[in-house]
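Contents: one structure, followed by commentary.
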């Protein structure tokens with residue numbers, strides 16, 4: 001009846017979330033009113049012998065509600081409801097029947113369970129006040145026909161609720177609901193009329209009703225989920241700004257590898273903002289300080305000339321020689337350290 005199996009098999013939806021804030025709901029379905037005893041049946045002041053009771057009956061049901069969800073599964077609501085059923089009367093009244101309408105208002109407290117599926121089972125209870133209207137009472141007591149006019153009574157009611165809600169994909173805040181409700185009307189309404197023209201009456205015992213409903217619920221203020229952001233491409237690595245060109249011992253001429261590194265530096269200077277290029281020459285400690293100074297400057301000048309040949313403007317290049325005063329690897333005098341025989345190109 002509740003379509004639970006269908007809902008549990010549905011695909012996951014992103015907007016499944018506890019009810020938060022104001023919502024409205026409604027549902028329609030069918031109800032069954034259980035058999036009820038008729039007590040104190042009398043005609044002209046004389047009790048009618050034998051058990052008299054209704055045999056139960058089927059009919060439509062409808063509810064509407066407005067409520068508030070606290071975002072933690074708990075919610076409260078005010079409900080209006082209406083039910084109708086046609087019931088047979090058995091026992092002391094033969095061939096009898098009646099139509100009963102029940103309507104009223106209830107205050108409900110409910111709790112939604114997050115079970116990890118794209119549905120929310122819920123349970124709740126309510127109390128309120130219900131009116132019962134009896135119409136079209138028919139039947140016979142002996143050879144006399146029963147004639148009860150349309151009459152109403154009222155009393156407190158209580159109900160239990162079990163249901164499941166399925167958030168509808170693509171409709172934020174809107175859910176399909178399926179429910180079972182049990183309603184008890186706690187009153188003993190007395191009805192009066194005539195039987196064969198003589199005054200008669202009866203008292204109706206507590207009424208119990210079972211209902212199954214399908215409906216919709218809308219939670220105001222639910223926003224659609226944010227779209228999944230498009231993957232951001234990783235930025236290309238920034239070109240290096242420092243390049244090292246190494247030389248053979250006691251040499252200032254450019255090797256093939258040295259020319260390749262200088263070409264990379266020249267190309268990088270066109271892809272980054274460059275206002276100045278520093279070209280600094282260095283030497284190891286195998287010669288005199290004066291000799292190493294001259295050698296380091298010659299190396300720097302050769303690298304600068306290659307940069308210019310590759311299209312780098314001469315006016316942004318500064319050339320310096322530091323001899324053996326700034327070793328990359330500190331050594332003792334006379335040590336041939338390859339990493340100290342270098343030119344540093346720095347893009348600024």
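Residue numbers (full-length UniProt numbering): 1 to 348.
No residue lacks a Cβ here, since even glycine has one placed at the ideal position from N, Cα and C.
Item, Value
"Beta carbon of residue 56 nearer than 8 angstroms to that of residue 87", "yes"
"Distance between beta carbons of residue 346 and residue 319, contact taken as under 8 angstroms", "That pair is no contact at about 12 angstroms."
"Pairwise C-alpha distance: residue 220 and residue 116", "23 angstroms"
"C-alpha distance - residue 295 paired with residue 331, whole-angstrom precision", "18 angstroms"
"Coil, strand or helix - residue 17 by DSSP", "coil"
"Coarse secondary structure for residue 60, derived from DSSP in three states", "strand"
"Alpha-carbon spacing of residue 313 relative to residue 275, whole angstroms", "10 angstroms"
"Sheet register partners of residue 182 (DSSP bridge)", "160 and 210"
"Candidates 123, 41 and 310, of which the one nearest residue 270 by Cα", "310"
"Best match in 109, 85 and 106 for proximity to residue 98 [C-alpha to C-alpha]", "85"
"Neighbour-count burial assignment, residue 248, 16 or more Cβ in a 10 Å radius", "exposed"
"Host beta strand (DSSP E) of residue 277 (start-end)", "277-281"
"Distance between residue 119 and residue 8 (C-alpha atoms, nearest Å)", "With a pLDDT of 41 at residue 8, under the threshold of 50, the predicted position of this residue should be treated as unreliable, though the coordinate-derived value follows. Distance between the alpha carbons of residue 8 and residue 119: 7 angstroms."
"Inside the stretch 244-298 only - alpha helix (DSSP H) runs reaching at least 4 residues", "256-268"
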